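Asks: Numbered per this note's numbering, the sequence shown finishes at 690, counting up by one with no gaps.
Note that beta-carbon positions come from the ideal geometry of N, C-alpha and C, so glycine has one too.
Just so it is clear, the structure is predicted and the values come from calculations on it, not from any experiment.
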Amino acid sequence: MNRLAGWLLRAVVLVAGLVVFLSLLTAVLLLAALWGLRALWARITGRPVMPWVMGVDPRTAWRAAAGRGAWRRQSQAPAEPEQPPTPPQTGAAGPLMRPLPGTDEVTDVKPRPPREPKED
571 MNRLAGWLLR AVVLVAGLVV FLSLLTAVLL LAALWGLRAL WARITGRPVM PWVMGVDPRT
631 AWRAAAGRGA WRRQSQAPAE PEQPPTPPQT GAAGPLMRPL PGTDEVTDVK PRPPREPKED
């Protein structure tokens, strides 16, 4: 009886795995077919194929979270959207390209000039 229950459990798990696999395969094939039809329609009509993207701007979520609660004062006027900051240019490469701490202690690396690109 115990042997029969073991085989029955194995069969049920195998069937459940097959159902999950086939459902995922069906979903992927359906999406691929829709994508192919969309590309075919774009080619027929002469339009460029626009990629399927989900436009998520992390700044929007940050502004929404910062706009609630104690971060924003009620008397304060809403700030205008500002441009992203540009790094100050001091010196040839600017302050963002300063040497990392401890690089003067490295002794096993010999700097070499970059290789010429291969021509095929």
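Does DSSP put residue 675 in a helix, a strand or coil?
Replies: Three-state result, residue 675: helix.
Asks: DSSP on residue 605, reduced to helix/strand/coil?
Replies: DSSP places residue 605 in helix when its eight states are reduced to three.
Asks: Consult DSSP for residue 616 and reduce its assignment to one of helix, strand or coil.
Replies: Looking at residue 616 - three-state DSSP - the assignment turns out to be coil, as it is neither helix nor strand.
Asks: Determine whether the beta carbon atoms of residue 618 and residue 612 lie at a separation below 9 Å.
Replies: Closer than 9 Å, so yes.
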